Ligand code: C2E
Ligand code: CA
Ligand code: CA
Ligand code: CA
């Protein structure tokens with residue numbers, strides 16, 4: 282009993298016990314959720330800023346928890362990643378979303394689908410093969426699929442990331458750098474990674490058009506995108522002023538609550554029907 286000095290850490294701590302208990306329960310519930318497919322893919326429209334029609338969607342996972350209701354990814358994704366569930370969950374999300382997008386493409390052939398990749402998916406040496414299989418099974422055209430990854434993910438091992446992305450791109454899919462501008466040395470990534478799209482982080486978008494320092498970051502990022510021949514998508518557009526400023530800056534695509542919130546697949550189907558009828 283001398284190893285820990287005052288012995289504080291060894292005393293029974295109800296709060297820590299409860300915390301560990303809570304985590305064990307969450308782990309158990311997540312495993313079951315995956316087995317029972319309690320997840321649902323929501324979709325948020327990505328709009329063309331000229332005319333504001335929907336050109337595609339980003340798939341965003343939700344957990345339909347049996348007692349807690351609909352949970353956003355912030356409530357379970359990190360734990361799922363820690364538990365090693367993300368390759369399986371991510372694969373399921375990709376397949377659901379591709380199958381759904383193929384249906385939307387029947388009346389909207391150009392309709393695009395963005396899907397987020399996790400760290401562990403990116404680390405999976407079989408990722409390209411798995412994506413190829415999903416495309417084949419669902420009939421999703423590769424050139425309508427955009428895979429999103431964050432700078433931080435790509436930064437961990439730039440050489441390895443570049444290799445994985447190059448391999449993915451042989452399928453014909455495109456790559457988007459998510460939350461662009463929030464990581465450090467963003468510029469060096471753009472040179473080293475085979476990226477097609479940059480998603481401008483909402484912190485910069487929401488600083489517009491106030492003319493603060495962060496607002497000019499959005500403009501700078503747009504300029505960088507143009508210089509590197511990348512398509513920019515502005516994230517987190519919440520009001521008409523931001524949309525107008527982005528239009529002025531010739532940003533083609535945007536996403537945010539101002540246009541639409543993430544919604545179940547049926548909501549997107551209605552939205553597309555309203556447009557074509
Ligand atoms: P993200 O990829 O940056 O996705 C955008 C997030 O911003 C979404 O949160 C979306 O609902 C939210 N958002 C969209 N428009 C606005 C807006 O105007 N204002 C504000 N304040 N927020 C807006 P969500 O769905 O809670 O997802 C959070 C994060 O979880 C995502 O950030 C992404 O990193 C991760 N995630 C979500 N779905 C998946 C998935 O299927 N796979 C993986 N690996 N990660 C996912
Ligand atoms: Ca994303
Ligand atoms: Ca983002
Ligand atoms: Ca994010």
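In UniProt numbering, the protein residues as written are 282 to 558. Glycine included, every Cβ here is placed at the ideal spot set by N, Cα and C. Please read all numbers here as calculations on a predicted model, not as lab measurements.
In DSSP terms, what residue 429 is bridged to: According to DSSP, which records beta bridges pairwise, residue 429 is partnered with 397, 457.
Which residues in the same chain as residue 453 place their Cβ atom closer than 7 Å to its Cβ, once the five residues preceding and following it in sequence are excluded? Once the five neighbours on either side are set aside, the close Cβ partners of residue 453 are 423, 424.
The beta strand (DSSP E) enclosing residue 407, as first and last residue numbers: First-last for residue 407: undefined, no H or E at that position.
Close beta carbons around residue 470, own chain, < 8 Å, minus the five adjacent residues each side: Once the five neighbours on either side are set aside, the close Cβ partners of residue 470 are 432, 435, 436, 439, 458, 464, 476.
Using 7 Å as the cut-off, classify the Cβ of residue 368 as near or not near the heavy atoms of ligand 1, replying yes or no. Outside the cutoff, so no.
What would DSSP say about residue 282, mapped onto helix, strand or coil? Only weak support exists for where residue 282 lies, its pLDDT of 43 falling under 50; the value from the coordinates is given anyway. Under the three-state reduction of DSSP output, residue 282 falls in the coil class, being neither helix nor strand.
Got a sec, what are the start and stop residues for the beta strand (DSSP E) residue 342 sits in? Note, residue 342: beta strand (DSSP E), 335-346.
On the CB-based measure, 16 or more other CB atoms within 10 Å of its CB, does residue 240 come out buried or exposed? Any question about residue 240 goes unanswered here, given that the chain covers just 282 to 558.
Since residue 352 is in the beta strand (DSSP E), which residue starts that stretch and which ends it? Per DSSP, the continuous beta strand (DSSP E) segment holding residue 352 begins and ends at 350-352.
Identify whether residue 321 lies in helix, strand or coil by the three-state DSSP scheme. It is a strand residue.
For the stretch 398-411 against the stretch 365-372, do three or more pairs of beta-carbon atoms, one drawn from each stretch, fall closer than 8 Å, so that the two count as touching? A contact exists between the stretch 398-411 and the stretch 365-372.
How would you call residue 538, buried or exposed, if buried means at least 16 neighbouring beta carbons within 10 angstroms? Classification for residue 538: exposed.
Out of curiosity, what's the CA-to-CA distance linking residue 408 and residue 300? Distance between the alpha carbons of residue 408 and residue 300 is about 35 Å.
For residue 533, the three-state DSSP class (helix, strand or coil): In the structure shown, residue 533 sits in coil (DSSP, three-state: anything other than H, G, I, E or B).
List the endpoints of the continuous alpha helix (DSSP H) containing residue 486. Taken as a continuous stretch (DSSP letters only), the alpha helix (DSSP H) holding residue 486 covers 483-486.
Using a threshold of 7 Å, is the CB atom of residue 397 nearer than that to any non-hydrogen atom of ligand 6? Absence of ligand 6 is noted for the structure shown, with ligand 1, ligand 2, ligand 3 and ligand 4 being the only ligands found.
Checking the sheet assignment: what are the DSSP bridge partners for residue 480? Bridge partners of residue 480: 514.
Pick out whichever of 510, 489, 319 has its Cα sitting closest to the Cα of residue 478. When only C-alpha atoms are compared, the closest one is 510.
Quick check on the burial criterion: 16 or more other C-beta atoms within 10 angstroms. Buried or exposed for residue 309? Residue 309 is exposed by the Cβ-count criterion.
Measuring alpha carbon to alpha carbon, tell me which of 550, 551, 528 ends up nearest residue 332. Considering only alpha carbons, the answer is 528.
Enclosing alpha helix (DSSP H) for residue 295 [first to last residue]: Per DSSP, the continuous alpha helix (DSSP H) segment holding residue 295 begins and ends at 295-316.
Among 314, 376, 443, the one whose alpha carbon lies nearest that of residue 348: Closest option to residue 348, Cα to Cα, is 314.
Under 7 Å: does the beta carbon of residue 324 sit that close to some heavy atom of ligand 1? Residue 324 Cβ: outside cutoff for every heavy atom of ligand 1.
Of all the options 398, 503, 481, 488, which has the alpha carbon lying nearest to the alpha carbon of residue 327? The residue with the shortest Cα to Cα distance from residue 327 is 481.
Which of helix, strand or coil does DSSP assign to residue 329? Assignment of residue 329 by DSSP, reduced to helix, strand and coil, places it in the strand class.
Residues bridged to residue 544 [DSSP beta-bridge criterion]: Beta-bridge pairing links residue 544 to 324.
Between 330, 312, 295, 377, which lies nearest to residue 524 when the distance is taken from Cα to Cα? Of the candidates 330, 312, 295, 377, the one whose C-alpha sits nearest the C-alpha of residue 524 is 330.
Identify whether residue 539 lies in helix, strand or coil by the three-state DSSP scheme. Coil, per DSSP.
Quick one: grab the DSSP three-state call for residue 508. DSSP, reduced to helix, strand and coil, places residue 508 within a helical segment of the structure shown.
Could you check where the alpha helix (DSSP H) with residue 462 kicks off and where it finishes? Counting along the chain, residue 462 falls outside any alpha helix (DSSP H), and DSSP gives it neither H nor E.
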